[in-house]
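Novice: Below is a structure I'd like to ask you about.
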Amino acid sequence: MTPFSSFRRPVRIANCSGASTDAGVHMLRQATLGPVDVITGDYLAEGTVGNDALRRADQAHPGWVASALAGIEMSLEVINEKRIKIVVNGGSLNPKGLAEKIDGMVRDGRLNLRVAFVDGDDVLPKFEAIMSSISPSAKPLPHLDSGNSNVVLPDETFSFLRDREAMPVLSANAYLGYRAIKRGLDEGADIIICGRVADASPVIAAAAWWYGWAESDFDRLAGALIAGHLIECSTYVTGANFAGAYKYPPSSFVDLGLPIAEVAEDGESIITKHQGTGGFVTPDTVKCQFLYELQGTVYLNSDVKADVKNVEITAQGKDRVHVSGIRGFPPPPTTKLAIFYRGGYQLEMLVNATGYSTDHKCAVQEAQVRAKLREWGTLDDMHVLDFQKVGVPMENPDSQLAATTYLRIFAQAKEPHIVASVTQAVVFVFMAHFAGMNGYLQNLQAFPTPFMGYYPALISQSEIEEAVTLLDSNPSSRPPLRIKVGPPKTTQELASRESYETSNPVPLDSFGPKTMRPLGDVILARSGDKGANVNLGLFVHTDEQYDWLRSIMTRDRLRALMRRDWRDCYHVERVEMPRIRAVHFVVYGPLGRGVSSSQRLDCLGKGFAEFIRAIWLPIPNRFLQEEAAKL
Numbered sequence: 001m002t003p004f005s006s007f008r009r010p011v012r013i014a015n016c017s018g019a020s021t022d023a024g025v026h027m028l029r030q031a032t033l034g035p036v037d038v039i040t041g042d043y044l045a046e047g048t049v050g051n052d053a054l055r056r057a058d059q060a061h062p063g064w065v066a067s068a069l070a071g072i073e074m075s076l077e078v079i080n081e082k083r084i085k086i087v088v089n090g091g092s093l094n095p096k097g098l099a100e101k102i103d104g105m106v107r108d109g110r111l112n113l114r115v116a117f118v119d120g121d122d123v124l125p126k127f128e129a130i131m132s133s134i135s136p137s138a139k140p141l142p143h144l145d146s147g148n149s150n151v152v153l154p155d156e157t158f159s160f161l162r163d164r165e166a167m168p169v170l171s172a173n174a175y176l177g178y179r180a181i182k183r184g185l186d187e188g189a190d191i192i193i194c195g196r197v198a199d200a201s202p203v204i205a206a207a208a209w210w211y212g213w214a215e216s217d218f219d220r221l222a223g224a225l226i227a228g229h230l231i232e233c234s235t236y237v238t239g240a241n242f243a244g245a246y247k248y249p250p251s252s253f254v255d256l257g258l259p260i261a262e263v264a265e266d267g268e269s270i271i272t273k274h275q276g277t278g279g280f281v282t283p284d285t286v287k288c289q290f291l292y293e294l295q296g297t298v299y300l301n302s303d304v305k306a307d308v309k310n311v312e313i314t315a316q317g318k319d320r321v322h323v324s325g326i327r328g329f330p331p332p333p334t335t336k337l338a339i340f341y342r343g344g345y346q347l348e349m350l351v352n353a354t355g356y357s358t359d360h361k362c363a364v365q366e367a368q369v370r371a372k373l374r375e376w377g378t379l380d381d382m383h384v385l386d387f388q389k390v391g392v393p394m395e396n397p398d399s400q401l402a403a404t405t406y407l408r409i410f411a412q413a414k415e416p417h418i419v420a421s422v423t424q425a426v427v428f429v430f431m432a433h434f435a436g437m438n439g440y441l442q443n444l445q446a447f448p449t450p451f452m453g454y455y456p457a458l459i460s461q462s463e464i465e466e467a468v469t470l471l472d473s474n475p476s477s478r479p480p481l482r483i484k485v486g487p488p489k490t491t492q493e494l495a496s497r498e499s500y501e502t503s504n505p506v507p508l509d510s511f512g513p514k515t516m517r518p519l520g521d522v523i524l525a526r527s528g529d530k531g532a533n534v535n536l537g538l539f540v541h542t543d544e545q546y547d548w549l550r551s552i553m554t555r556d557r558l559r560a561l562m563r564r565d566w567r568d569c570y571h572v573e574r575v576e577m578p579r580i581r582a583v584h585f586v587v588y589g590p591l592g593r594g595v596s597s598s599q600r601l602d603c604l605g606k607g608f609a610e611f612i613r614a615i616w617l618p619i620p621n622r623f624l625q626e627e628a629a630k631l
């Protein structure tokens, strides 16, 4: 049953977490600072489940997210009083265990709350059966990007499939949708603990429960999917990770409020926050978050595909932004399966170089370390050994810090003693260091640590046993109620992803006089990671600026802007979203095997957009004047 059979006001869905690092108190604040109907929390970044699996395998982790438990524990009284529904994915690898612990708290407090958990995402128990069902002549478990003929997956992507004993799989979790959550809400659950559900699934479920949507209400479901996408990352839509932050005083970013989505019956939404909290919700903050971690013009979920090419994002008042224009279509028959395995060991060290000829100084350090590793016979056993110079010293510096850059030494290997030899080599050549080496004390504590390899696969939704189990506050009166929901009733195969240049480019000379300036003077942007790939969304503020943006930002232009970071094995896709004046790219390959094992300093891809915005190009003077006038 829906909560209101005739009263159809928008449902207010508050987010309380975007990562396991978000403190539990955010849930309490969302419950007490203003009216909300449902609180959702996304605690599982792409690599969180893998890290939890590694620690749980070493018997050092209960399998759930501690901050999720803390938030619910401190909020139980108020959610009981206000009848607020709670849906979080903080169950991670053990949603049943967390649900049972919370159910015990409910009983101890004599509260009128029913606890449930969603499972079925964990397919590790039958992973061997899935693997054995693949014939020897067939391709290995399909990779998420295997259907894209333009993407060349490096050989190391499949290494764990060839050496299962050395690189055992520790977790295999499918991304679930909204259906089991909604069924739990329909059956009267007040708190639902999930494992690996898709980030926006709790928001879709809350809206679908509120209005009684059917599985075939694809436009509405797609609208809720995008609302969930906008609030799932905590303060990323209220001022955090915001490219336009330089326009505001630093005090504006203290104690940022967490977001709320008011989802209407047609699936459109208002993104807002509680009054009196820090930060702000503007079309720019919403566009930045909208463009985060997209795959192109189609946003995928286990329950619906959202066509976002005609999305509209408009101000509706202070801290209120309206989102519309989303179309929905049936989901694909497959969903993502996140597989994490023991990848080996890694370490990193930092060596500071100051002042004159820092390139040469870093080259000396690299030559010394490589020579010693070669002498010891460990160099060829390194899977990765990278020497990365980070930053450029200031010309004619006004302080020693301004004159300093650092060399990041990053190593990965199968065995810990191989990786440890890097530290030993740095120590061995220590007194042979280049002129002025400093900041070296942290290197004496650089020990090998295990890392997880990541393989994003595809799994048929028909192979998943998605279910919700409702616990009873008095277990002696009746057993838990377990309800299986089955796969989606209607699916649709994925089409090839769109990728195109602009259809009618405007000659760049037509925009008048230009000045060499950083792109960030007129362009806002956001980037993020999905497995090995980085996405980049760029947008501007006027129609004329958009004509320039879509004309200048071609695929070849992005390749050129990446400069020394570009590799010929990468692939670029490009699309446009004209109603928000945005151009969007996906670059396939820069993150290697993903965040948990990437050798890149920016292993989450968050800094990529800011790198592109810092590059100088000839920008029309009138655009520079338009943006400068807003400061």
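For the sequence shown, counting from 1, position 549 maps to 549 in the UniProt record's numbering; every step adds exactly one. No residue lacks a Cβ here, since even glycine has one placed at the ideal position from N, Cα and C.
When burial is assigned at 16 or more other CB atoms within 10 Å of the CB, is Phe-218 buried or exposed?
Specialist: Answer is buried; the Cβ neighbour count reaches 16.
Novice: According to DSSP, is Ile-84 helix, strand or coil?
Specialist: Coil.
Novice: Helix, strand or coil for Trp-616 per DSSP?
Specialist: The answer is strand: DSSP assigns Trp-616 an E or B state.
Novice: Hey, quick one: how far does the alpha helix (DSSP H) through Arg-107 stretch, first residue to last?
Specialist: That run of the alpha helix (DSSP H) goes 95-108.
Novice: Does the contact criterion of 3 or more C-beta pairs under 8 Å hold for the stretch 379-395 versus the stretch 404-415?
Specialist: At 8 Å Cβ cutoff, the stretches touch.
Novice: Got a sec, what are the start and stop residues for the alpha helix (DSSP H) Val-364 sits in?
Specialist: Run containing Val-364: 358-376, per the alpha helix (DSSP H) assignment.
Novice: For the candidate residues Lys-361, Ile-130, Gly-109 and Met-105, whose alpha-carbon lies nearest to that of His-433?
Specialist: Selected option, being the one with the closest Cα: Lys-361.
Novice: Is there contact here, the stretch 246-262 with the stretch 272-285, by at least three beta-carbon pairs under 8 Å?
Specialist: Touching, yes.
Novice: Do you know how far the Cα of Leu-170 is from the Cα of Ala-57?
Specialist: Answer to the nearest angstrom: the Cα atoms are 8 Å apart.
Novice: Determine the extent of the beta strand (DSSP E) in which Ala-207 is found, giving its start and end residues.
Specialist: Element bounds for Ala-207: not the beta strand (DSSP E) but the alpha helix (DSSP H), 201-211.
Novice: Give the DSSP-derived three-state secondary structure of Met-1 in the structure shown.
Specialist: At Met-1, the pLDDT of 48 sits below 50, so the modelled position is not reliable; the number obtained from the coordinates is stated separately. Correct three-state label for Met-1: coil.
Novice: What number of angstroms, rounded off, separates the C-alpha of Ser-357 from the C-alpha of Met-349?
Specialist: Their Cα atoms are separated by approximately 21 Å.
Novice: From the DSSP output, read off the bridge partner residues of Ala-189.
Specialist: Paired residue(s): none; Ala-189 is not in a bridge.
Novice: Whole alpha helix (DSSP H) runs in the stretch 121-190 with 4 or more residues, listed along the chain?
Specialist: Runs of the alpha helix (DSSP H) inside the stretch 121-190: 127-132, 159-162 and 179-186.
Novice: By Cβ distance, which residues of its chain are closer than 7 Å to Val-237, with the 5 residues on each side in sequence left out?
Specialist: So the qualifying residues of the chain are Leu-230, Ile-231, Pro-259, Ile-271, Val-281, Thr-285, Val-286 and Gln-289.
Novice: For His-433, which of helix, strand or coil comes out of DSSP?
Specialist: His-433: coil per DSSP, three-state reduction.
Novice: Excluding the 5 residues flanking Ser-324 on each side, which residues of the same chain have their C-beta closer than 7 Å to its C-beta?
Specialist: Cβ neighbours of Ser-324 beyond the five flanking positions: Glu-268 and Glu-312.
Novice: Look up Ser-6 in the DSSP assignment and say whether it is helix, strand or coil.
Specialist: Note on Ser-6: pLDDT 48, under 50, position unreliable in the model; no value is reported.
Novice: On a Cα-Cα basis, can you pick out the residue from Asp-163, Ile-39 and Val-575 that is closest to Gly-344?
Specialist: That would be Asp-163, whose Cα lies nearest to the Cα of Gly-344.
Novice: Please list the terminal residues of the continuous beta strand (DSSP E) segment that includes Arg-517.
Specialist: Start and end: 514-518.
Novice: List in chain order: all unbroken beta strand (DSSP E) runs of 3+ residues lying wholly within the stretch 477-505.
Specialist: Fully enclosed beta strand (DSSP E) runs of 3 or longer: 481-484.
Novice: DSSP state of Asp-386, grouped into three classes?
Specialist: Three-state result, Asp-386: strand.
Novice: Quick check: what's the CA-CA separation for Ile-191 versus Pro-35?
Specialist: Rounded to whole angstroms, Ile-191 to Pro-35 spans 18 Å at the Cα level.
Novice: Please tell me whether Phe-608 and Trp-548 are closer than 8 Å, where the distance is taken between their beta carbons.
Specialist: No, the Cβ-Cβ distance between Phe-608 and Trp-548 is not below 8 Å.
Novice: Under a three-way DSSP split, which group does Met-27 fall into?
Specialist: Three-state result, Met-27: helix.
Novice: Do Ala-189 and Val-11 come within 8 Å of each other at the CB atom, strictly closer than that value?
Specialist: Not a contact, by the Cβ cut-off of 8 Å.
Novice: Apply the 10 Å Cβ neighbour rule to Arg-8 and answer buried if 16 or more other Cβ atoms are within range, or exposed otherwise.
Specialist: Per the 10 Å Cβ criterion, exposed.
Novice: Does the separation of the CB atoms of Phe-428 and Lys-372 fall below 8 Å?
Specialist: Closer than 8 Å, so yes.
Novice: Please state whether DSSP places Asn-51 in a helix, a strand or coil.
Specialist: It is helical.
Novice: When you compare only the Cα positions, how much space is there between Ala-315 and His-541?
Specialist: If I take the Cα positions, the gap works out to 13 Å.
Novice: Between the alpha carbons of Gln-461 and Asp-303, how many angstroms are there, rounded?
Specialist: Going by the C-alpha atoms only, they are around 10 Å apart.
Novice: Near Thr-378, which residues of its chain fall below 7 Å by C-beta distance, leaving aside the five closest residues on each side in sequence?
Specialist: Answer for Thr-378: Ile-418 and Ser-421, listed in chain order.
Novice: From this set, Tyr-248, Ala-14, Pro-142 and Ile-72, which residue's C-alpha is nearest Leu-458's C-alpha?
Specialist: Among Tyr-248, Ala-14, Pro-142 and Ile-72, the Cα nearest to that of Leu-458 belongs to Pro-142.
Novice: In the DSSP assignment, find the beta strand (DSSP E) that holds Phe-340 and state where it starts and stops.
Specialist: 334-354 is the extent of the beta strand (DSSP E) around Phe-340.
Novice: Whole angstroms are fine: how far does the CA of Gly-91 sit from the CA of Val-65?
Specialist: Using only the alpha carbons, I get a separation of about 6 Å.
Novice: Starting from the N-terminal side, write out each stretch of the alpha helix (DSSP H) that is 4 residues or longer and does not extend beyond the stretch 269-332.
Specialist: Runs found: 283-290.
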